[in-house]
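Engineer:
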Ligand code: COA
């Protein structure tokens with residue numbers, strides 16, 4: 002293995018280069034190398050200053066996340082950072098690409114920071130359920146002030162070179178060769194002969210009690226249930242009120258508390274799971290994704306318009322087809338209105354909005370799709386209609402073009418069979434609103450080629466989404482699990498609960514909303530139509546709750562009609578319990594001969610959450626996902642499962658599969674065989690194993 006840190010001298014300047022691909026994560030070997038390099042530079046009388054830089058694509062992606070579960074081996078990142086700051090000779094950080102987390106913390110301890118135009122800096126620890134633990138919360142407020150530091154640390158989002166410069170995180174942007182520029186900056190500092198400027202000696206400005214109180218209030222809702230954001234605020238406050246060393250001591254305590262928490266374990270799992278999801282296990286080595294330089298969308302309804310905007314957001318040209326000119330005009334107008342909203346909220350500039358709109362071209366004519374590299378069909382959920390569209394696309398589109406469908410339920414193989422290119426047919430299930438939601442279920446049919454899969458997985462990343470490869474089944478992964486979960490929620494109503502109790506319990510678990518509030522937001526009519534379509538094929542002995550249908554029969558389709566599971570006052574969005582619905586639910590219980598009883602919160606939790614896990618186990622057993630963590634990603638990014646619980650399968654592993662299985666078996670005895678533990682769950686529980694072990 003090559004040395005992960007390189008030390009060389011350029012004249013009187015020592016250049017220490019991190020060479021630990023792919024992202025120069027600062028693991029143990031890197032820390033040792035950095036420490037030794039700083040020591041060598043300090044002890045070498047011919048060295049007047051030091052430059053620290055990164056080889057390859059970036060400065061550093063931060064501390065090595067893989068080491069968090071292990072006991073820290075010295076020197077720690079803090080030791081290295083202290084050595085850099087305490088170095089008697091000026092130390093300059095030269096940043097290209099990302100300087101994230103520990104990478105930025107190292108740079109903040111250097112006496113000067115220069116970067117090139119590609120530099121991006123952030124402290125993303127909060128996204129891993131952590132706080133920056135190597136001085137980030139103490140040094141950053143001393144550089145950019147408490148207010149901006151709080152925003153920076155609580156969002157975990159990166160800022161680019163220009164903003165970093167204007168904030169003072171970077172002192173200079175180098176136009177030519179970065180290391181040469183950094184060496185020149187180091188020579189200049191050395192020539193000035195002043196003692197190195199240490200961030201620890203600065204005061205953190207702007208830390209008023211009102212600022213911290215306001216931020217605490219803000220995260221109460223935004224980061225409900227999470228430990229790390231609160232500690233980020235505590236620690237930045239300490240930077241303003243305590244001496245540096247005391248603030249550092251506290252920062253360490255908070256960091257360790259977070260690091261050792263289930264929440265951070267869960268969020269670190271999600272980080273790995275996200276990256277694992279991108280990998281296709283049976284992909285033959287050397288498979289190359291095809292270039293996708295232009296796309297077309299069939300259908301400009303809510304989904305089609307959202308997907309078109311998402312493609313334009315990624316700076317790709319897109320042709321949108323609607324055979325009805327009026328519908329096309331309406332769809333394009335909706336996209337334009339959406340961009341206008343983004344401009345007025347300051348999320349994008351007018352130029353960006355115009356450029357994106359300029360990439361979207363409407364047409365009524367299939368012939369205009371002939372040149373597209375890939376077409377995504379987003380028409381109405383109707384098999385015959387989709388088959389007809391795919392027949393036409395197959396005739397019209399160039400031979401290599403990929404034909405994708407945004408179906409959320411239909412059989413991809415049947416759709417593919419309508420074409421002469423089933424290898425180039427795939428599902429790309431976007432979630433609504435498609436330009437906002439990060440998840441894509443990429444559905445692999447029996448004939449879908451590896452090249453097609455590789456192309457779509459690569460495109461997913463270009464679109465800024467997280468793609469999970471799934472197999473064909475009714476509802477795919479997410480919706481199939483959602484049916485099991487909401488089925489239990491509905492049965493609980495028949496047995497004695499009301500919507501607000503179920504929603505309160507699920508919200509308390511950490512979902513942003515319970516299933517009934519979600520139903521009202523999404524609209525109840527779509528599900529009603531799907532259920533009507535399935536009525537004929539539903540097994541007669543399957544338990545079925547008629548409550549949702551009866552609500553729809555009254556024209557209550559959710560928020561858009563001002564009433565659904567709840568009522569909504571004066572066009573508001575706050576769900577209010579409705580006596581009419583309570584009466585309706587009690588009526589259903591009577592009709593079904595169910596004697597209503599007190600349903601405990603615990604039962605609601607177990608029946609809903611464990612039903613979800615159980616369906617996940619069946620999906621895993623059927624080989625419809627590649628790994629348990631793929632299911633976690635679907636539920637976190639598609640359905641709002643609390644990220645700090647790591648997703649349903651990770652959560653089940655933490656609870657213990659023996660407990661989950663035993664509770665399901667117990668529930669099944671009283672409440673129906675739908676709750677009987679899945680064979681895979683029972684098997685793993687019996688063996689004392691986890692889903693992650695598969
Ligand atoms: N520690 C260990 N491994 C890391 C890492 C870190 N801090 N940052 C990235 N990696 C690994 C990834 O797991 C991935 O590994 P894989 O190839 O085995 O899947 C690889 O580096 C490339 O990362 P990826 O995210 O796929 O590349 P990217 O170019 O899209 O993004 C980063 C690079 C650095 C921006 C991104 O990985 C990132 O944000 N990393 C986390 C930064 C962070 O949270 N640091 C604070 C740690 S406390």
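In my numbering, the protein residues as written are 2 to 695.
Where is the CB? At the ideal position from N, CA and C, for every residue including glycine.
Along the chain, where does the beta strand (DSSP E) that runs through residue 442 open and close?
Structural biologist: Counting from 1 along the chain shown, the entry for residue 442 is found at position 441. Here the beta strand (DSSP E) through residue 442 covers 440-445.
Engineer: Could you tell me which of 93, 399, 6 and 540 sits nearest to residue 376, measuring between CA atoms?
Structural biologist: Working through the chain shown from its first residue, we reach residue 376 at position 375. Minimum Cα distance to residue 376 is reached at 399.
Engineer: Taking buried to mean at least 16 other C-beta atoms within 10 Å of its own C-beta, is residue 599 buried or exposed?
Structural biologist: Against the chain shown, residue 599 aligns to sequence position 598. The residue is exposed, with fewer than 16 neighbouring Cβ atoms inside 10 Å.
Engineer: If you follow the beta strand (DSSP E) that residue 55 is in, where does it begin and where does it stop?
Structural biologist: As a working mapping, residue 55 is identified with position 54 in the chain shown. From DSSP, the beta strand (DSSP E) with residue 55 extends over 50-55.
Engineer: Classify residue 189 as helix, strand or coil using the three-state DSSP reduction.
Structural biologist: Position 188 of the chain shown holds residue 189. If DSSP states are grouped into helix, strand and coil, residue 189 belongs with the helices.
Engineer: With distances taken from CA atoms, which of 566, 580 and 560 is nearest residue 572?
Structural biologist: Counting from one through the chain shown, the residue named residue 572 turns up at place 571. Nearest option by C-alpha distance: 560.
Engineer: Tell me the DSSP secondary structure of residue 436 in three-state form.
Structural biologist: Locating residue 436 in the chain shown gives position 435, counting from the first residue. Residue 436: coil per DSSP, three-state reduction.
Engineer: From this set, 251, 48 and 595, which residue's C-alpha is nearest residue 239's C-alpha?
Structural biologist: Taking the first residue of the chain shown as 1, we reach residue 239 at position 238. Out of 251, 48 and 595, 251 has the C-alpha closest to the C-alpha of residue 239.
Engineer: Going by other Cβ atoms of all chains shown within 10 Å of its Cβ, with 16 needed for buried, is residue 81 buried or exposed?
Structural biologist: On the chain shown, residue 81 is found 80 positions in, with the first residue counted as 1. Label assigned to residue 81: buried.
Engineer: Does residue 8 come out as helix, strand or coil in the three-state DSSP assignment?
Structural biologist: Position 7 of the chain shown holds residue 8. Strand.
Engineer: When DSSP labels each residue in this structure, what does residue 616 get in the three-state scheme?
Structural biologist: On the chain shown, residue 616 is found 615 positions in, with the first residue counted as 1. Looking at residue 616 - three-state DSSP - the assignment turns out to be helix.
Engineer: Once DSSP output is grouped into helix, strand and coil, what is the label at residue 397?
Structural biologist: Residue mapping note: residue 397 aligns to position 396 of the chain shown, counting from 1. DSSP places residue 397 in helix when its eight states are reduced to three.
Engineer: State buried or exposed for residue 558, treating a residue as buried only when at least 16 other CB atoms are found within 10 Å of its CB.
Structural biologist: Position 557 of the chain shown, counting from 1, holds the residue named residue 558. Answer is buried; the Cβ neighbour count reaches 16.
Engineer: With DSSP run on the structure shown, which of helix, strand or coil describes residue 375?
Structural biologist: Residue numbering aside, residue 375 sits at position 374 when the chain shown is read from its first letter. Here residue 375 sits in strand by DSSP.
Engineer: Which residues does DSSP pair with residue 430 in a beta bridge?
Structural biologist: Locating residue 430 in the chain shown gives position 429, counting from the first residue. Partner(s): 442.
Engineer: Return the Cβ separation of residue 127 and residue 233 in integer angstroms, given the expectation that the two are a contact with Cβ distance under 8 Å.
Structural biologist: Position 126 of the chain shown holds residue 127. Position 232 of the chain shown holds residue 233. Going by Cβ atoms, the distance from residue 127 to residue 233 rounds to 6 Å, so yes, they are a contact pair.
Engineer: Tell whether a beta-carbon distance below 7 Å holds between residue 332 and residue 435.
Structural biologist: On the chain shown, residue 332 is found 331 positions in, with the first residue counted as 1. On the chain shown, residue 435 is found 434 positions in, with the first residue counted as 1. No, they are not a contact pair.
Engineer: Do you know how far the Cα of residue 420 is from the Cα of residue 392?
Structural biologist: Indexing the chain shown from 1 puts residue 392 at position 391. Indexing the chain shown from 1 puts residue 420 at position 419. Whole-angstrom Cα-Cα distance: 6 Å.
Engineer: Using DSSP bridges, identify the partner residues of residue 161.
Structural biologist: As a working note, residue 161 is residue 160 in the chain shown. Answer is 121.
Engineer: Going by CA-CA distance only, name the one from 263, 619 and 150 that's closest to residue 655.
Structural biologist: Locating residue 655 in the chain shown gives position 654, counting from the first residue. When only C-alpha atoms are compared, the closest one is 263.
Engineer: If you reduce the DSSP assignment to three classes, tell me which class residue 108 lands in.
Structural biologist: Along the chain shown, read from residue 1 onward, the residue named residue 108 stands at position 107. Residue 108: helix per DSSP, three-state reduction.
Engineer: Quick one: what's residue 61 bridged to in DSSP?
Structural biologist: Position 60 of the chain shown, counted from the start, is the residue given in the question as residue 61. Paired residue(s): 100.
Engineer: Measure the alpha-carbon distance for residue 475 versus residue 135 and round it to whole angstroms.
Structural biologist: For the purposes of this step, residue 475 is identified with residue 474 of the chain shown, where counting begins at 1. For the purposes of this step, residue 135 is identified with residue 134 of the chain shown, where counting begins at 1. Roughly 48 Å between the two C-alpha positions.
Engineer: What is the residue span of the beta strand (DSSP E) that residue 296 lies within?
Structural biologist: Indexing the chain shown from 1 puts residue 296 at position 295. From DSSP, the beta strand (DSSP E) with residue 296 extends over 296-299.
Engineer: Comparing the CB of residue 578 with every heavy atom of ligand 1, is any distance shorter than 6 Å?
Structural biologist: The residue labelled residue 578 in the question sits at position 577 within the chain shown. Residue 578 Cβ: outside cutoff for every heavy atom of ligand 1.
Engineer: What are the boundary residues of the alpha helix (DSSP H) that includes residue 42?
Structural biologist: For this step, residue 42 is matched to residue 41 along the chain shown. Per DSSP, residue 42 belongs to the alpha helix (DSSP H) from 29-44.
Engineer: In this structure, how does DSSP classify residue 253 when only helix, strand and coil are distinguished?
Structural biologist: Taking the chain shown and counting its residues from 1, the one referred to as residue 253 is at position 252. Note: residue 253 maps to helix in three-state DSSP.
Engineer: If I follow the unbroken alpha helix (DSSP H) through residue 154, where does it start and stop?
Structural biologist: Position 153 of the chain shown, counting from 1, holds the residue named residue 154. Residue 154 -> alpha helix (DSSP H) spans 147-156.
Engineer: Excluding the 5 residues flanking residue 288 on each side, which residues of the same chain have their C-beta closer than 7 Å to its C-beta?
Structural biologist: Position 287 of the chain shown holds residue 288. Excluding sequence neighbours, residue 288 sits near 451, 452 and 455.
Engineer: Excluding the five sequence neighbours on either side, which residues of its own chain have a C-beta within less than 6 Å of the C-beta of residue 68, listed in chain order?
Structural biologist: As a working note, residue 68 is residue 67 in the chain shown. Hits under 6 Å: 28.
Engineer: Would you check if the distance between the CB atom of residue 565 and the CB atom of residue 521 is smaller than 7 Å?
Structural biologist: Position 564 of the chain shown holds residue 565. Position 520 of the chain shown holds residue 521. Cβ distance < 7 Å, so residue 565 and residue 521 count as in contact.
Engineer: With a cut-off of 8 Å on the beta carbons, I'd call residue 14 and residue 52 a contact; round off their distance for me.
Structural biologist: Sequence index remark: in the chain shown, residue 14 carries index 13 (1-based). Sequence index remark: in the chain shown, residue 52 carries index 51 (1-based). Going by Cβ atoms, the distance from residue 14 to residue 52 rounds to 6 Å, so yes, they are a contact pair.
Engineer: Which same chain residues end up closer than 7 Å to residue 617 when comparing Cβ atoms and leaving out the 5 residues on each side of it in sequence?
Structural biologist: Walking along the chain shown from the start, residue 617 turns up at place 616. Hits under 7 Å: 482, 632, 649 and 650.
Engineer: Could you say if the stretch 374-389 and the stretch 335-349 meet the contact criterion of at least three C-beta pairs nearer than 8 Å?
Structural biologist: no
Engineer: Would you mind reading off the limits of the beta strand (DSSP E) that contains residue 113?
Structural biologist: By 1-based counting over the chain shown, the position of residue 113 is 112. That run of the beta strand (DSSP E) goes 113-116.
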